[in-house]
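S.K.: Take the position in the sequence shown, starting the count at 1, then add 317; the result is the number in our numbering.
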Amino acid sequence: MNKQVSSTIITIVIGAMMILLLEGCATTSLTQISAFGKATASLADDAKKAFELIDSSTIDRKMYDVAANKSLAPKDVTFEGLFKESDSVKYQIRIAVLEKLGNYAKALDNLATADFRKDIDAASTDLYGSLSGLSATYKKVTDTDLPLKDDQLKLIATAVDAIGTVIVETKRRDAIKTIIIQTDEAVQNAAKLLEVEFGKDSELSKFVHENLTDADGSLRTAYNIQKKSPNSTFNLRYEMLVKIRQMYNAAQTSPMLFDNISAGAKKVREAHATLKTAVMKDEFSSAEIAKQIGELVTFAKSVHSYYEKLGSKN
318 MNKQVSSTII TIVIGAMMIL LLEGCATTSL TQISAFGKAT ASLADDAKKA FELIDSSTID
378 RKMYDVAANK SLAPKDVTFE GLFKESDSVK YQIRIAVLEK LGNYAKALDN LATADFRKDI
438 DAASTDLYGS LSGLSATYKK VTDTDLPLKD DQLKLIATAV DAIGTVIVET KRRDAIKTII
498 IQTDEAVQNA AKLLEVEFGK DSELSKFVHE NLTDADGSLR TAYNIQKKSP NSTFNLRYEM
558 LVKIRQMYNA AQTSPMLFDN ISAGAKKVRE AHATLKTAVM KDEFSSAEIA KQIGELVTFA
618 KSVHSYYEKL GSKN
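#1: By DSSP, does GLY516 sit in helix, in strand, or in coil?
#2: Check each candidate in LEU347, PHE368, THR570, ALA424 and name the one with the smallest Cα separation from THR357.
#3: Taking the C-alpha atoms as reference points, what is the distance between LYS598 and GLY534?
#4: Quick one: what's got a C-beta closer than 6 Å to LYS417's C-beta in the same chain, skipping five residues either side?
#5: In whole angstroms, what separates the C-alpha of ALA508 from that of VAL483?
#6: Please classify LYS457 as buried or exposed, where buried requires at least 16 neighbouring CB atoms within 10 angstroms.
#7: Taking the straight line between their C-alpha atoms, what separation do you get for ALA590 and GLN505?
#8: Leaving out five residues before and five after LEU613 in sequence, what residues of the same chain have Cβ atoms less than 8 Å from its Cβ?
#9: Return the Cβ separation of LEU574 and VAL620 in integer angstroms, given the expectation that the two are a contact with Cβ distance under 8 Å.
#10: Alpha carbon to alpha carbon, how far is ALA539 from PHE515? Give it in angstroms, no decimals.
#11: Mapping DSSP to helix, strand and coil, what is GLU625?
#12: For my contact list, GLY444 and LEU428 are in at a C-beta cut-off of 8 Å; report their separation, rounded to the angstrom.
#13: Along the alpha helix (DSSP H) that carries MET557, what are the first and last residues, could you check?
#14: Keeping to the same chain, check which residues put their C-beta closer than 6 Å to that of GLY341; ignore five residues upstream and five downstream.
#15: Tell me, to the nearest whole angstrom, how far the beta carbon of LEU521 is from that of TYR624; I am working on the premise that it is less than 8 Å.
#16: Since ILE412 is in the alpha helix (DSSP H), which residue starts that stretch and which ends it?
#17: Under the rule that 16 or more other beta-carbon atoms within 10 Å means buried, what is GLY611, buried or exposed?
#18: In three-state DSSP terms, what is SER602?
#19: Quick check on GLY481: buried or exposed, where buried means 16 or more other Cβ atoms within 10 Å of its Cβ?
#20: Quick check on the burial criterion: 16 or more other C-beta atoms within 10 angstroms. Buried or exposed for LEU592?
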């Protein structure tokens with residue numbers, strides 16, 4: 318009897334270990350999917366933050382408030398912000414395409430790493446929202462439909478739903494496989510658009526560089542006015558000099574920001590295509606995927622560095 322009980326216990330333990338090993342392998346196999354999602358989302362998030370800081374830098378009129386003679390302060394339109402009125406339709410919508418692509422990648426990462434069904438549901442909601450937003454913004458920029466049809470979205474929804482209340486890793490992998498295959502053409506088109514629109518020689522890049530350069534000149538004029546003011550203080554002048562340095566650096570390095578965003582978008586496109594090829598063979602990791610994700614991370618870090626330097630108070 319004791320031998321039978323012992324045998325049963327051993328069988329249960331071995332069975333449990335096999336389940337853990339299988340789940341461990343499944344989780345590991347999704348590591349690169351998660352890494353792709355994180356890197357793409359980081360690129361998009363930091364690019365968006367950088368543009369917000371660029372815009373707020375040109376809006377910031379506090380430099381004029383410290384000028385002794387406000388009537389002499391330059392009336393430069395760049396201080397109304399880079400992306401206003403008609404420009405907002407043209408430029409903000411392109412930034413929105415990048416943001417939605419990042420949201421898609423973030424949802425993919427969350428699906429790959431979710432531990433509970435409620436997290437799967439939240440990630441799937443974000444996924445559908447990002448794809449819907451990506452389609453809408455792409456349409457506004459190009460006046461053409463993104464190649465993502467309702468029947469493809471239904472396939473994705475069915476696959477995600479099949480993951481189950483208690484997460485089944487094989488079903489999770491099947492869902493991610495379906496998502497990557499069905500969205501690849503849309504991701505390719507959106508990323509290609511960003512690759513072109515955010516190039517360092519693009520219209521947007523030149524526009525931002527010119528406006529930052531003009532804003533830098535305006536700040537220097539305001540600083541010279543402040544120096545002659547009897548109410549001028551060291552702290553105020555120092556704050557202005559910090560702002561001038563930031564504006565100058567932002568202007569000088571803005572082409573590189575655009576170059577990194579463009580190159581990052583290209584790498585997103587290439588990495589997603591490689592993922593599609595891999596998952597179609599039921600492979601979720603490879604040396605080539607790792608290489609491309611590593612390169613994508615490099616571009617994302619460069620964009621993050623630009624954002625951090627622009628936002629620094631020192």
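No residue lacks a Cβ here, since even glycine has one placed at the ideal position from N, Cα and C.
Just so it is clear, the structure is predicted and the values come from calculations on it, not from any experiment.
M.R.: Here's the rundown:
#1: Working through the sequence shown from its first residue, we reach residue 516 at position 199. DSSP places GLY516 in coil when its eight states are reduced to three.
#2: Position 40 of the sequence shown, counting from 1, holds the residue named residue 357. Among LEU347, PHE368, THR570, ALA424, the Cα nearest to that of THR357 belongs to ALA424.
#3: Walking along the sequence shown from the start, residue 598 turns up at place 281. Walking along the sequence shown from the start, residue 534 turns up at place 217. Going from the Cα of LYS598 to the Cα of GLY534 covers about 57 Å.
#4: Walking along the sequence shown from the start, residue 417 turns up at place 100. The residues are SER447, GLY450, LEU451, THR454.
#5: For the purposes of this step, residue 508 is identified with residue 191 of the sequence shown, where counting begins at 1. For the purposes of this step, residue 483 is identified with residue 166 of the sequence shown, where counting begins at 1. Annotation: ALA508 to VAL483 spans about 35 Å, alpha carbon to alpha carbon.
#6: On the sequence shown, residue 457 is found 140 positions in, with the first residue counted as 1. Counting other Cβ atoms within 10 Å of its Cβ, LYS457 stays below 16 and is therefore classed as exposed.
#7: The sequence position of residue 590 within the sequence shown is 273, counting from 1. The sequence position of residue 505 within the sequence shown is 188, counting from 1. Roughly 8 Å separates the two Cα atoms.
#8: Mapped onto the sequence shown, residue 613 falls at position 296. For LEU613, where only same-chain residues beyond five positions count, the Cβ hits under 8 Å are PHE353, ALA356, THR357, LEU360, GLY581, LYS584, VAL585, ALA588.
#9: The count along the sequence shown starts at 1 and reaches residue 574 at position 257. The count along the sequence shown starts at 1 and reaches residue 620 at position 303. At roughly 7 Å, the Cβ-Cβ gap stays under 8 Å, so LEU574 and VAL620 are in contact.
#10: The residue given as residue 515 occupies position 198 in the sequence shown. The residue given as residue 539 occupies position 222 in the sequence shown. Going from the Cα of PHE515 to the Cα of ALA539 covers about 31 Å.
#11: Along the sequence shown, read from residue 1 onward, the residue named residue 625 stands at position 308. GLU625: helix per DSSP, three-state reduction.
#12: As a working note, residue 444 is residue 127 in the sequence shown. As a working note, residue 428 is residue 111 in the sequence shown. Per the sequence shown, residue 444 should be read as Leu rather than Gly. Between LEU428 and LEU444 the Cβ distance is about 7 Å, and since that is below 8 Å, they are a contact.
#13: By one-based count along the sequence shown, residue 557 stands at place 240. First-last of the alpha helix (DSSP H) with MET557: 551 to 596.
#14: Start at 1 with the first residue of the sequence shown, and residue 341 comes out as number 24. Its pLDDT being 37, under 50, GLY341 is placed unreliably by the model, and nothing is read from it.
#15: Taking the sequence shown and counting its residues from 1, one reaches residue 521 at position 204. Taking the sequence shown and counting its residues from 1, one reaches residue 624 at position 307. Not quite, the Cβ-Cβ distance comes to about 17 Å (not below 8 Å), so this is no contact.
#16: Here residue 412 refers to the residue found at position 95 when the sequence shown is read from its first residue. Annotation for ILE412: the continuous alpha helix (DSSP H) segment containing it runs 410 to 430.
#17: Locating residue 611 in the sequence shown gives position 294, where the first residue counts as 1. That one is exposed.
#18: The count along the sequence shown starts at 1 and reaches residue 602 at position 285. Three-state DSSP puts SER602 in coil, outside helix and strand.
#19: Here the question's residue 481 lines up with position 164 in the sequence shown. The C-beta of GLY481 has fewer than 16 other C-beta atoms within 10 Å across all chains shown, which makes the residue exposed.
#20: The residue labelled residue 592 in the question sits at position 275 within the sequence shown. Under this definition LEU592 is a buried residue.
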